[in-house]
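Sequential numbering from 0 applies to the first sequence in the working numbering.
All C-beta atoms, glycine included, are put in the ideal place defined by N, C-alpha and C.
Remember, it's a predicted structure, so these values are computed and weren't measured experimentally.
A short worksheet on the structure shown next.
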Amino acid sequence: MIDPKLLRQSADDVAANLARRGFEFDVDEWRAHEEIRKSAQMQTEALRAERNSSARKVGAAKARGEDVAGLLASVKDLGDQLQAAEEQLQKAQFALQSIELGLPNLLLDDVPDGFDESANCEVLKWGTPRTFEFETRDHVDIGAGLGLLDFDAASRISGSRFAVLHGPLARLQRALIQFMLDVHTAEHGYSETYVPYLVQSQALMGTGQLPKFGADLFKTDNETPFYLIPTAEVPVTNLLRDTIVEADVLPLKYVAHTPCFRSEAGSYGKDTRGMIRQHQFEKVELVQLVAATESSDALEALTGHAEVILQRLELPYRKVILCAGDIGFGSSKTYDLEVWLPGQNAYREISSCSNYRDFQSRRMGARWRNPESGKPELLHTLNGSGVAAGRALVAVMENYQQADGSISVPAALQPYMAGQKSIRKN
RNA sequence: GGAGAGGUGGCAGAGUGGUCGAAUGUACCUGACUCGAAAUCAGGAGUACCGUUACCGGUACCGUGGGUUCGAAUCCCACCCUCUCCGCCA
Numbered sequence: 000m001i002d003p004k005l006l007r008q009s010a011d012d013v014a015a016n017l018a019r020r021g022f023e024f025d026v027d028e029w030r031a032h033e034e035i036r037k038s039a040q041m042q043t044e045a046l047r048a049e050r051n052s053s054a055r056k057v058g059a060a061k062a063r064g065e066d067v068a069g070l071l072a073s074v075k076d077l078g079d080q081l082q083a084a085e086e087q088l089q090k091a092q093f094a095l096q097s098i099e100l101g102l103p104n105l106l107l108d109d110v111p112d113g114f115d116e117s118a119n120c121e122v123l124k125w126g127t128p129r130t131f132e133f134e135t136r137d138h139v140d141i142g143a144g145l146g147l148l149d150f151d152a153a154s155r156i157s158g159s160r161f162a163v164l165h166g167p168l169a170r171l172q173r174a175l176i177q178f179m180l181d182v183h184t185a186e187h188g189y190s191e192t193y194v195p196y197l198v199q200s201q202a203l204m205g206t207g208q209l210p211k212f213g214a215d216l217f218k219t220d221n222e223t224p225f226y227l228i229p230t231a232e233v234p235v236t237n238l239l240r241d242t243i244v245e246a247d248v249l250p251l252k253y254v255a256h257t258p259c260f261r262s263e264a265g266s267y268g269k270d271t272r273g274m275i276r277q278h279q280f281e282k283v284e285l286v287q288l289v290a291a292t293e294s295s296d297a298l299e300a301l302t303g304h305a306e307v308i309l310q311r312l313e314l315p316y317r318k319v320i321l322c323a324g325d326i327g328f329g330s331s332k333t334y335d336l337e338v339w340l341p342g343q344n345a346y347r348e349i350s351s352c353s354n355y356r357d358f359q360s361r362r363m364g365a366r367w368r369n370p371e372s373g374k375p376e377l378l379h380t381l382n383g384s385g386v387a388a389g390r391a392l393v394a395v396m397e398n399y400q401q402a403d404g405s406i407s408v409p410a411a412l413q414p415y416m417a418g419q420k421s422i423r424k425n
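This is the structure we're talking about:
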């Protein structure tokens, strides 16, 4: 959510910033609701003050044993007036809230202009894609050739966009997850966290998936429904919901491995082959909660932590900064890491690292107490994949494939595979 | 799933219709005493919003949402959560 004070002060500047994303903020409509809200609030509070003081007078008079009939008559209409004012206020607040919850975050100045991914700016290229002296295959063929990756069975069980892994391939994914968790906890100072995979709507409201993007989520049919988390960002960031922490606990750095569930509504026909885009995938997520002054540096550091994983796995990647039209709803600035996939002859997203600044923390009331002012201030929240395990598995399979159909195990993962150096048929 | 108890400020814990945003204790901050600290004494201190912005005034918040009332932490209804016992289960 954008700071309502900033909105009142300079709605036009906000609209100009959001327009860079291609988002149209109807300032006049918002302003009309805001004016009604303001007058309704002042009126409501004045009427309440009147009610409160007259109620006190009635009480005092009764305590003295005086007749209160006159007093009661004088406040006869107050209730109706108050009720009308409250209803008007409530309506205006609801209208404002639904507008404000639908506004994306303000972009930082260094986010490049552009409408889609073609305008994203490459800031770094790491590693050199390997040259193969044989015809490369994609992970689907490699996995099928080894008999370790089965989409047919998955579709019999659950339909499309699911995968079944067997044996050493399943273990390789587990090895990737373990490796990532170990690096982030031991070397990057993150605290390992286990969190619920089912959350309620207010958590998703806090991180910004709701109210706008409910169609992307799986939802249970309980009376108060649960949602399956689309990313660990949701439960982990919400750890700080409605709390005020002391300065000495900052920065808070969490790492969590969770499965992620996405309905992928509207992505029909996109990435239908293989396990690039699944309803269920594994991800190791990095989340930081920091003081406002620290978030810019924290984004660079967090992105670097994800990069280390790709570097240790010796997977070529590039780092891009997302342009105004491609960046996510709640982010003020995002770096994507794209890993080289020989099977697609392309770089594909494997991590997305974003600085949400106070956008999420305002929605969920995540604050810290600034010792300088003694006052609670909103935290800045950041998160990034460190990295997506399913796609990392694809990247390892394709980059480490051998002419005989086997897969070499990256050196960094061998300790997690009981020293196994290669995955081959039988 | 069944039975019972309970949700009040950082914590503990009073408060069953009228200056209760809320006693008291404790933790916290400031000052006094002290060489310093402890102890003691005095004072301060919740969160958010609105108006004024020197000071200050107002509103809301006692699990959540409704209701009754001139007036609700207190009464009524629904829901949520926690704890104990039983059942079931990993």
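Residue i versus residue j: straight-line alpha-carbon distance, rounded
i: Y355; j: Y334; result: 12 Å
i: W430; j: L288; result: In the structure displayed, the chain extends from 0 to 425; residue 430 sits before or after that span and is not available.
i: Q359; j: T380; result: 7 Å
i: S9; j: R311; result: 47 Å
i: A153; j: V163; result: 6 Å
i: L251; j: T302; result: 16 Å
i: A15; j: S117; result: 22 Å
i: K420; j: F280; result: 25 Å
i: F22; j: G113; result: 13 Å
i: L298; j: L77; result: 54 Å
i: R20; j: C352; result: 18 Å
i: E49; j: A83; result: 15 Å
i: L227; j: S330; result: 22 Å
i: R423; j: K218; result: 40 Å
i: Y415; j: L239; result: 33 Å
i: D427; j: L17; result: There is simply no residue 427 to check, as the chain begins at 0 and stops at 425 in what is shown.
i: F150; j: S159; result: 8 Å
i: R173; j: Q413; result: 12 Å
i: T257; j: L106; result: 29 Å
i: D357; j: A345; result: 35 Å
Proximal residues to residue i (C-beta, below 7 Å), its chain only, five neighbours per side dropped
i: G342; result: T135, R136, D137, H138 and E397
i: R47; result: L81
i: G142; result: L148, L168 and M396
i: I308; result: M179, V182, G385 and V386
i: L5; result: V13
i: I243; result: R366, W367, R368 and P375
i: T230; result: C259, K282 and E284
i: A394; result: L314, V338, L340 and I349
i: P409; result: L312, E313, V395 and Y399
Chain-order list of residues whose beta-carbon lies under 6 Å from that of residue i (same chain, five-residue window excluded)
i: Q87; result: A39
i: A202; result: V233 and N237
i: L197; result: F225
i: I35; result: A91
i: G273; result: H138 and V139
i: I349; result: L336, V338, V386, A387 and R390
i: P53; result: The identity of residue 53 in the sequence shown is Ser, whereas the question assumes Pro. Excluding positions up to five away in sequence, the list reads V74.
Cβ-based neighbour list, residue i, same chain, cut-off 8 Å, excluding 5 preceding and 5 following
i: E376; result: A290, A291, R366, W367, R368 and N369
i: C120; result: P111, V319, I320 and C322
i: D109; result: I320 and K332
i: A246; result: A290, W367, R368, N369 and P370
Contact belief for residue i with residue j at Cβ below 8 Å, rounded distance in angstroms
i: A388; j: L145; result: With 8 Å as the limit, A388 and L145 do not qualify as a contact, their Cβ atoms being about 19 Å apart.
i: K269; j: R276; result: 7 Å
i: L285; j: G385; result: 4 Å
i: G426; j: R362; result: It is not possible to answer for residue 426, since the shown part of the chain is limited to 0 through 425.
i: F328; j: G166; result: Wrong, their Cβ atoms sit about 40 Å apart, outside the cutoff.
i: H278; j: S266; result: Between S266 and H278 the Cβ distance is about 11 Å, and since that is not below 8 Å, they are no contact.
i: D215; j: A264; result: 6 Å
i: T192; j: V254; result: 7 Å
To test your reading of the DSSP string, which unbroken beta strand (DSSP E) runs of 3 or more residues are found completely within the segment 238 to 318?
242 to 245, 251 to 260 and 279 to 289
4 or more residues per run - each alpha helix (DSSP H) lying fully within the segment 129 to 199:
138 to 145, 150 to 157 and 166 to 185
Query raised in the report: If you pair each beta-carbon of the segment 18 to 31 with each one of the segment 86 to 104, do three or more pairs fall below 8 Å?
Result: yes
Q.
So, does the segment 102 to 110 touch the segment 55 to 63, judging by three or more C-beta pairs under 8 Å?
A. no
Contiguous alpha helix (DSSP H) assignments of at least 4 residues, all confined to the segment 41 to 96
68 to 73
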